[in-house]
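Student: Below are the structure tokens for one structure; questions will follow.
Protein chains: 2
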Amino acid sequence: MDVLVGLLQLGFTEYEARAYVALLSNPGGTGYEVAKYSGIPRAKIYEVLGSLVARGVVSTSQSDGRALHHALDPESLLRRQVGQVERLRDDLVPVLSALAAQEVLPPLVTIKTYPNIIAGARDIVATARRQLFVSGWWNEVEAILAELTMARKRKVDTYVVVYGEAPPARPRWRHWYSHEIDNRRRISGPPWFIVAADHAEALIGEPTPGSRAVALRTRNRGVAIVASEYIKHDIFLLEASRIMDEKGINLNHDLAHLQSMWFGRRDSDLGGDGSDE
Amino acid sequence: MDVLVGLLQLGFTEYEARAYVALLSNPGGTGYEVAKYSGIPRAKIYEVLGSLVARGVVSTSQSDGRALHHALDPESLLRRQVGQVERLRDDLVPVLSALAAQEVLPPLVTIKTYPNIIAGARDIVATARRQLFVSGWWNEVEAILAELTMARKRKVDTYVVVYGEAPPARPRWRHWYSHEIDNRRRISGPPWFIVAADHAEALIGEPTPGSRAVALRTRNRGVAIVASEYIKHDIFLLEASRIMDEKGINLNHDLAHLQSMWFGRRDSDLGGDGSDE
DNA sequence: TCGTAGTGACTACCAAGGTAACTACTATTG
DNA sequence: CAATAGTAGTTACCTTGGTAGTCACTACGA
Numbered sequence: 000m001d002v003l004v005g006l007l008q009l010g011f012t013e014y015e016a017r018a019y020v021a022l023l024s025n026p027g028g029t030g031y032e033v034a035k036y037s038g039i040p041r042a043k044i045y046e047v048l049g050s051l052v053a054r055g056v057v058s059t060s061q062s063d064g065r066a067l068h069h070a071l072d073p074e075s076l077l078r079r080q081v082g083q084v085e086r087l088r089d090d091l092v093p094v095l096s097a098l099a100a101q102e103v104l105p106p107l108v109t110i111k112t113y114p115n116i117i118a119g120a121r122d123i124v125a126t127a128r129r130q131l132f133v134s135g136w137w138n139e140v141e142a143i144l145a146e147l148t149m150a151r152k153r154k155v156d157t158y159v160v161v162y163g164e165a166p167p168a169r170p171r172w173r174h175w176y177s178h179e180i181d182n183r184r185r186i187s188g189p190p191w192f193i194v195a196a197d198h199a200e201a202l203i204g205e206p207t208p209g210s211r212a213v214a215l216r217t218r219n220r221g222v223a224i225v226a227s228e229y230i231k232h233d234i235f236l237l238e239a240s241r242i243m244d245e246k247g248i249n250l251n252h253d254l255a256h257l258q259s260m261w262f263g264r265r266d267s268d269l270g271g272d273g274s275d276e
Numbered sequence: 000m001d002v003l004v005g006l007l008q009l010g011f012t013e014y015e016a017r018a019y020v021a022l023l024s025n026p027g028g029t030g031y032e033v034a035k036y037s038g039i040p041r042a043k044i045y046e047v048l049g050s051l052v053a054r055g056v057v058s059t060s061q062s063d064g065r066a067l068h069h070a071l072d073p074e075s076l077l078r079r080q081v082g083q084v085e086r087l088r089d090d091l092v093p094v095l096s097a098l099a100a101q102e103v104l105p106p107l108v109t110i111k112t113y114p115n116i117i118a119g120a121r122d123i124v125a126t127a128r129r130q131l132f133v134s135g136w137w138n139e140v141e142a143i144l145a146e147l148t149m150a151r152k153r154k155v156d157t158y159v160v161v162y163g164e165a166p167p168a169r170p171r172w173r174h175w176y177s178h179e180i181d182n183r184r185r186i187s188g189p190p191w192f193i194v195a196a197d198h199a200e201a202l203i204g205e206p207t208p209g210s211r212a213v214a215l216r217t218r219n220r221g222v223a224i225v226a227s228e229y230i231k232h233d234i235f236l237l238e239a240s241r242i243m244d245e246k247g248i249n250l251n252h253d254l255a256h257l258q259s260m261w262f263g264r265r266d267s268d269l270g271g272d273g274s275d276e
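In the order they appear, the protein sequences are chains Y and A.
Numbering-wise (numbering that gives the first Met the number 0), the first sequence opens with residue 0 and increments by one.
Numbering-wise (numbering that gives the first Met the number 0), the second sequence opens with residue 0 and increments by one.
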């Protein structure tokens, strides 16, 4: 990640970003020096430093009658930004939620572009309460791994099926299943990505790397159930075939540990605190 | 907090904010309807909705060949924003910190405007490791209360002295001391706000409500020690006078000659009342 | 004279806000 | 049946403010 791009995303202008970086590596500079190191025209530098001072990102000190400038350390800068959005969230969410009207019947909504599909998947995982099913390729699963971990910490039953070559960073979760297929070509058509929560909400996506990525997201009950059941069947068959490979007989007994997918959590399954194995 | 202002702070344009709010309270609208509810000129509405769709804040569905629009729910929207800044932080801080050069000797830095003083105080509290001293009026102490709570959770020894009328939301901490004084007028001059951490960093501020607010922030060792010691002495005297009150010892008369340090030639009592725990 | 320090007056460009006028379709009603 | 009003969407153009970028100037000390 280019630092300048990152700072732009924090709302810095290009000059502000360049001045900040220049001040970081050359602390205590006069305006003139900052202009020299940053390549910002001298005619603009005081304006730029002024707006950074107003934002509290740069502070001044006096020495020999000259004004020196000092950059806020990066940790503090980013901590402030995070704190600001968090405070904004705490202020805004209740007001906005009060404004929001309920949709009469859940629409079948189209989501466009890859990052929006990932964001939608994160939403669903982050709001799941009891049961969560995920099926997709490692790239997409990895992108929502932080949220999946949080969900498991919240005691959400989380089932994940990952297609493709076994990834290096594969977490050791109880219900993590791998379809080890060479590459994205093996199974027909484009990649897919399915997230379903609580038999209530689902996202069925086609995370093509290009700009063609599209997904369906809905709280439509039928779709949500189909998505969940599809993944359940997939897992069931995967396990069945594995065990048949090993033994050959009496599948029912061997697959009993999967019954919780359909019948909810049983006492014997309450194996821990979100860190099984 | 006005919702529109809040959304602007999230990087929405005014039209985008108005369209989003209109869509929240009227879900599933055509572009035409959104324009009607939001007051955005029809000529602009598709452009605006388009950029919201591109950002994933609005999604579309089809019904009778018409494109309907649906707003992302506020919790998800704000969760995404928070996650985005957090990811930016994790990416950016290591790179920026690597760029940062150490200042040879800690400067005496001037901080301007009230919010920047508060932000600086938050920085210091958030990075304190062992010992923390805070002295100020309730307004300012309240503004950094969240960070103080975090510091206490990190096992930082936290001492707070609050001037002014006892606030309603006063936390019940072990080292929380109150100087109950009627109003900001009693002690001469403007309000003040002191934060000192680890005998290493200090902020000494003058949080005037207007634009005149100024503070000194520094890692200069001498200043940091003076600030810490000042607050320690203040607490010591406060406690001493409380305990003497309890035991019926009254030195007012014997120390009357010192009262002039604080009150000129008037003789009156110190406000210590022992409302700590 | 050169390097440091700071300022005023420009130009260029673009995103955002704002207006007017247009097409096309549907439903209602006199 | 034609006229009208409302819905749905589009093209063109204009204004404004902020950002980027240039040039030319003053002032000072070594």
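Don't be surprised by glycine CBs; every beta carbon is placed ideally from N, CA and C.
None of the values given here were measured: they were computed from a predicted structure.
To the nearest angstrom, how far is the alpha carbon of A196 of chain Y from that of I230 of chain Y?
Tutor: Sequence index remark: in the first sequence, residue 196 of chain Y carries index 197 (1-based). Sequence index remark: in the first sequence, residue 230 of chain Y carries index 231 (1-based). So the alpha carbons of these two residues sit roughly 11 Å apart.
Student: What would DSSP say about R173 of chain Y, mapped onto helix, strand or coil?
Tutor: The count along the first sequence starts at 1 and reaches residue 173 of chain Y at position 174. In the structure shown, R173 of chain Y sits in coil (DSSP, three-state: anything other than H, G, I, E or B).
Student: Could you please give the first and the last residue of the uninterrupted beta strand (DSSP E) stretch that includes W137 of chain Y?
Tutor: One-based indexing of the first sequence puts residue 137 of chain Y at position 138. Where W137 of chain Y is concerned, there is no enclosing beta strand (DSSP E), although the alpha helix (DSSP H) it sits in stretches over 137-142.
Student: Mark R241 of chain Y as exposed unless 16 or more other C-beta atoms lie within 10 angstroms of its C-beta, in which case mark it buried.
Tutor: Position 242 of the first sequence, counted from the start, is the residue given in the question as residue 241 of chain Y. That one is exposed.
Student: Taking Cβ-Cβ distances shorter than 8 Å, what residues in chain A pair up with H69 of chain Y?
Tutor: Locating residue 69 of chain Y in the first sequence gives position 70, where the first residue counts as 1. Ordered by position in chain A, the residues that pass the 8 Å Cβ test against H69 of chain Y are E102, P106, V108.
Student: Are there 16 or more other CB atoms within 10 angstroms of the CB of Y162 of chain A, so buried, or fewer, so exposed?
Tutor: Taking the first residue of the second sequence as position 1, residue 162 of chain A is located at position 163. So Y162 of chain A counts as buried.
Student: Residues bridged to G119 of chain A by DSSP?
Tutor: One-based indexing of the second sequence puts residue 119 of chain A at position 120. Its beta-bridge partners do not exist; DSSP assigns none.
Student: Taking all protein chains shown into account, decide if F235 of chain A is buried (16 or more other Cβ within 10 angstroms of its Cβ) or exposed.
Tutor: The residue given as residue 235 of chain A occupies position 236 in the second sequence. F235 of chain A is exposed by the Cβ-count criterion.
Student: Are there 16 or more other CB atoms within 10 angstroms of the CB of D122 of chain Y, so buried, or fewer, so exposed?
Tutor: Translated into the one-based positions of the first sequence, residue 122 of chain Y becomes position 123. It counts as buried.
Student: What are the residues in the segment 113-142 of chain A lying within 8 Å of chain Y by C-beta distance?
Tutor: Cβ contacts with chain Y: P114, N115, A118, G119, R121, D122, A125, T126.
Student: Do the CB positions of R216 of chain A and S62 of chain Y come within less than 8 Å of each other?
Tutor: Position 217 of the second sequence, counted from the start, is the residue given in the question as residue 216 of chain A. Position 63 of the first sequence, counted from the start, is the residue given in the question as residue 62 of chain Y. No, Cβ-Cβ distance for R216 of chain A and S62 of chain Y is not below 8 Å.
Student: Determine the chain A residues that contact D63 of chain Y at a beta-carbon separation under 7 Å, and present them in chain order.
Tutor: Here residue 63 of chain Y refers to the residue found at position 64 when the first sequence is read from its first residue. Near D63 of chain Y there are no residues of chain A at all, since even the closest Cβ is about 13 Å away, more than 7 Å.
Student: Going by DSSP, what residue range makes up the alpha helix (DSSP H) through I234 of chain Y?
Tutor: On the first sequence, position 235 is the one that residue 234 of chain Y refers to. Its alpha helix (DSSP H) spans residues 220-245.
Student: Hey, out of A:S134, A:G38, A:A168, whose CA is closest to H232 of chain A's CA?
Tutor: What you label residue 232 of chain A is simply residue 233 of the second sequence in a count that begins at 1. Of the listed residues, the one whose Cα sits closest to H232 of chain A is A:S134.
Student: Are L87 of chain A and L9 of chain Y touching if we call contact CB-CB under 8 Å?
Tutor: Walking along the second sequence from the start, residue 87 of chain A turns up at place 88. Walking along the first sequence from the start, residue 9 of chain Y turns up at place 10. Yes; because the gap between Cβ atoms is below 8 Å, this pair is in contact.
Student: I think I110 of chain Y touches A142 of chain Y, with their Cβ atoms under 8 Å apart; what is that distance to the nearest whole Å?
Tutor: In the first sequence, residue 110 of chain Y corresponds to position 111, counting from 1. In the first sequence, residue 142 of chain Y corresponds to position 143, counting from 1. Rounded, the Cβ-Cβ distance is 14 Å, inconsistent with contact.
Student: Less than 7 Å between C-beta atoms, sequence neighbours within five positions excluded: which residues of the same chain meet that for R218 of chain Y?
Tutor: In the first sequence, the residue the question calls residue 218 of chain Y occupies position 219. The residues are P105, A199, E200.
Student: With distances taken Cα to Cα, identify the nearest neighbour of W175 of chain Y among Y:V140, Y:R153, Y:P190, Y:I203.
Tutor: Locating residue 175 of chain Y in the first sequence gives position 176, where the first residue counts as 1. With distances taken between Cα atoms, W175 of chain Y lies closest to Y:V140.
Student: With distances taken from CA atoms, which of A:E146, A:T112, A:W137, A:N115 is nearest R128 of chain A?
Tutor: Taking the first residue of the second sequence as 1, we reach residue 128 of chain A at position 129. Cα-wise, what sits closest to R128 of chain A is A:E146.
Student: Can you check whether the C-beta of R17 of chain A is within less than 8 Å of a C-beta belonging to chain Y?
Tutor: On the second sequence, position 18 is the one that residue 17 of chain A refers to. By this cut-off, R17 of chain A is not an interface position.
Student: So which residues of chain A does S96 of chain Y contact, with C-beta pairs closer than 8 Å?
Tutor: Locating residue 96 of chain Y in the first sequence gives position 97, counting from the first residue. Within chain A, the residues near S96 of chain Y are D72, P73, E74.
Student: May I ask you to report which of helix, strand or coil DSSP gives T29 of chain A?
Tutor: As a first step, residue 29 of chain A must be located in the second sequence, where it is residue number 30. Residue state, collapsed to three classes: coil.
Student: For the alpha helix (DSSP H) that E74 of chain A lies in, which residues bound it at each end?
Tutor: Numbered from its first residue, the second sequence carries residue 74 of chain A at position 75. Element bounds for E74 of chain A: 73-98.
Student: Rounded to a whole number of angstroms, what is the C-alpha to C-alpha distance between V47 of chain Y and V56 of chain Y?
Tutor: Mapped onto the first sequence, residue 47 of chain Y falls at position 48. Mapped onto the first sequence, residue 56 of chain Y falls at position 57. Answer to the nearest angstrom: the Cα atoms are 11 Å apart.
Student: Please tell me whether L91 of chain Y has its Cβ less than 8 Å away from any Cβ of chain A.
Tutor: Taking the first residue of the first sequence as 1, we reach residue 91 of chain Y at position 92. Yes, L91 of chain Y counts as interfacial toward chain A.
Student: Using beta carbons (cut-off 8 Å, strictly below), is K43 of chain Y in contact with chain A?
Tutor: Here residue 43 of chain Y refers to the residue found at position 44 when the first sequence is read from its first residue. Taking Cβ atoms only, chain A never reaches closer than 8 Å to K43 of chain Y, which makes this a no.
Student: So V161 of chain A is in the alpha helix (DSSP H); what residue range does that whole segment cover?
Tutor: Taking the second sequence and counting its residues from 1, the one referred to as residue 161 of chain A is at position 162. Note, V161 of chain A: premise wrong, no alpha helix (DSSP H); beta strand (DSSP E) at 156-162.
Student: Determine the chain A residues that contact P26 of chain Y at a beta-carbon separation under 7 Å, and present them in chain order.
Tutor: The sequence position of residue 26 of chain Y within the first sequence is 27, counting from 1. Chain A residues near P26 of chain Y: A100, E102.
Student: Taking the straight line between their C-alpha atoms, what separation do you get for K152 of chain A and V159 of chain A?
Tutor: Against the second sequence, residue 152 of chain A aligns to sequence position 153. Against the second sequence, residue 159 of chain A aligns to sequence position 160. Taking the straight line from one Cα to the other gives about 15 Å.
Student: For A16 of chain A, which three-state DSSP category applies?
Tutor: Numbered from 1 along the second sequence, position 17 holds the residue referred to as residue 16 of chain A. Helix.
Student: Residues of chain A with CB under 7 Å from V52 of chain Y, in chain order?
Tutor: Along the first sequence, one-based indexing puts residue 52 of chain Y at 53. The contacting residues are K111.
Student: At 7 Å on the CB atoms, spell out the chain Y contacts of V84 of chain A, in chain order.
Tutor: On the second sequence, residue 84 of chain A is found 85 positions in, with the first residue counted as 1. Within 7 Å Cβ-Cβ: Q80, V81, V84.
Student: For chain Y, check one thing: does any of its Cβ atoms lie closer than 8 Å to the Cβ of V2 of chain A?
Tutor: Residue 2 of chain A sits at position 3 when you count from the first residue of the second sequence. Yes, its Cβ sits closer than 8 Å to a Cβ of chain Y.
Student: Which residues in the same chain have their Cβ closer than 8 Å to the Cβ of G28 of chain Y, if we skip the five residues on either side of it in sequence?
Tutor: Position 29 of the first sequence holds residue 28 of chain Y. Excluding positions up to five away in sequence, the list reads A21, L22, Y36, L67, H68.
Student: From this set, A:D72, A:P40, A:F192, which residue's C-alpha is nearest W137 of chain A's C-alpha?
Tutor: Within the second sequence, the letter at position 138 stands for residue 137 of chain A. The residue with the shortest Cα to Cα distance from W137 of chain A is A:F192.
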